[in-house]
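Let me begin by presenting the structure, written as structure tokens, before commenting on it.
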Amino acid sequence: MRARRARTGSTIGDTLPDSPGVDPPVRLRLPTTTLEIPAGRPVLMGIVNANDDSFSDGGRFSTLDAQVAHALQLVADGAGIIDVGGESGVTDTAPRAPEEEAALVVPLVARLVAEGVVVSVDTWKPPVAEAVLAEGASIINDVSGLRDPELAAACARHGGALVVMHTRVEPKHKVFPDYADGVTADVESFLAERLDVARAAGVGDDQLIFDPGPDFAKTPAESIELLRALPRLLGRFGLPVLLAVSRKDFVGALTSTAPRDRGPGTLAAVGEGVDAGAHILRVHEVAATAQYLTVRAALRGELEVPADLSVPEHLRRQRVGPVTRTGES
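The sequence shown finishes on residue 884 if you use our numbering, and the numbering steps up by one all the way, no holes.
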């Protein structure tokens with residue numbers, strides 16, 4: 556597989572050299588490469604759904620060619636990882652059979668790997684994980700809380716990285732547990748135990764990522780509380796964190812917006828997550844997030860800005876079509 560350098564949203568210049576007090580880069584070992592993530596410059600994970608019932612963009616990319624084109628556009632926009640999904644997160648619906656899910660995602664994974672894309676697959680089913688890892692997927696993004704340790708064993712066999720997410724609820728069920736000691740304490744204890752399960756299956760610490768799971772079996776208020784505690788969780792586990800806040804319900808609850816109208820609120824959550832130390836940002840709108848991160852980093856002195864920086868002439872004005880006067884066709 557042709558290795559592709561992960562992108563972090565920078566389009567101006569290089570990240571400034573590390574200075575005293577700056578955390579060293581995080582290194583994530585993948586089957587064919589090592590992903591290096593500098594402090595404060597997270598990798599963008601673009602989302603491509605192969606299923607037609609996604610809560611956010613179901614049916615927009617219904618053919619394999621359309622899915623591949625969308626994924627490659629996300630890479631061009633700044634994504635360093637593409638997260639492929641074949642099972643909707645919509646609750647209270649029957650899950651797909653593993654063979655049906657595999658039929659959706661394996662051809663897409665194969666096409667993207669052939670293009671040199673670093674591919675993650677959002678699945679909690681071991682047969683699907685085995686199939687996509689065999690096709691060259693680099694990461695398994697498990698939203699089940701590692702309910703089946705065989706998922707970790709599949710990653711260990713193929714050298715794949717594993718995202719372990721917090722949830723106390725079976726996938727596709729909408730239940731809000733009572734977190735007696737608070738949601739943050741529950742995330743800490745749950746993930747500590749599940750990460751140990753992954754290690755016991757043979758997944759190395761340099762292949763593990765944790766996800767606190769905002770919105771998964773959590774009320775909007777609990778998701779917000781949890782995200783405020785992200786620095787505490789990073790200190791607790793010492794592993795890369797995947798921040799998946801794009802178009803989530805806590806954003807919709809705060810802003811009274813439907814999923815595809817939650818872009819500005821998502822960027823606010825992304826900014827707070829980067830401040831807290833997030834390493835991977837799972838987002839639908841890669842171009843907007845990359846632009847946000849680039850300007851943010853430049854203003855903070857985290858990017859080298861050339862003295863002769865200028866905007867190309869063709870980008871100085873918004874091009875519009877001809878104006879049609881009233882009464883004219």
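Think of the CB as a built atom: it goes at the ideal place given N, C-alpha and C, for glycine as much as any other residue.
Keep in mind that this is a model prediction, so the values were computed, not measured.
Item: Do E656 and V683 have their beta-carbon atoms positioned less than 8 Å apart in this structure?; Value: yes
Item: Under 8 Å by Cβ, that's how I've got A551 and V838 pegged, so tell me the actual separation to the nearest angstrom.; Value: Residue 551 falls outside the range modelled here, since the chain spans only 556 to 884, and no answer is possible.
Item: Would you mind working out which of T849, E642 and L667 sits nearest L629, comparing C-alpha positions?; Value: L667
Item: Run the CB neighbour count on L854, radius 10 Å, all protein chains shown included, and call it buried at 16 or more, exposed below.; Value: exposed
Item: Alpha carbons only, please: which of R651, A716, V860 and L822 is nearest the one belonging to P795?; Value: A716
Item: Taking only the alpha-carbon atoms, compute the straight-line gap between D703 and D578 and give it to the nearest angstrom.; Value: 34 Å
Item: Is the stretch 719-730 touching the stretch 589-603, taking contact as three or more C-beta pairs under 8 Å?; Value: no
Item: Going by DSSP, which residues form a beta bridge with T589?; Value: R584
Item: Is it buried or exposed, K729, if we count other Cβ atoms within 10 angstroms and call 16 or more buried?; Value: exposed
Item: Tell me N604's beta-bridge partners as DSSP assigns them.; Value: G640
Item: For V603, which residues from the same chain have a beta carbon less than 8 Å from its beta carbon, with the 5 sequence-adjacent residues on both sides left out?; Value: F616, Q622, H625, A626, L629, I637, D638, V639, G640 and L663
Item: My output table needs one value for A624: the three-state DSSP class, helix, strand or coil.; Value: helix
Item: Where R651 and L750 are concerned, what is the direct C-alpha to C-alpha distance, given to the nearest angstrom?; Value: 26 Å
Item: Is the beta carbon of A831 closer than 8 Å to that of L789?; Value: yes
Item: Report, in whole angstroms, the separation of the C-beta atoms of V719 and L585, which I expect to be a contact under 8 Å.; Value: Contact flag wrong, Cβ pair sits at about 16 Å.
Item: Distance, Cα to Cα, L619 vs A605?; Value: 8 Å
Item: My understanding is that V742 touches L688, with C-beta atoms under 8 Å, so please give their C-beta distance in whole angstroms.; Value: Not quite, the Cβ-Cβ distance comes to about 27 Å (not below 8 Å), so this is no contact.
Item: Keeping to the same chain, check which residues put their C-beta closer than 6 Å to that of L798; ignore five residues upstream and five downstream.; Value: G828, A833 and L836
Item: From G757 to A711, what does the alpha carbon distance come to, in whole angstroms?; Value: 5 Å
Item: A776: which of R851, P580, K803 and V698 sits nearest, CA to CA?; Value: K803
Item: May I have the straight-line CA-CA distance separating Q846 from R817, to the nearest angstrom?; Value: 17 Å
Item: Measuring CA to CA, which of A862, S643 and R787 is closest to D607?; Value: S643
Item: Please classify G882: does DSSP put it in a helix, a strand, or coil?; Value: Here G882 scores only 49 on pLDDT, less than 50, and its place in the model is too uncertain to base an answer on.
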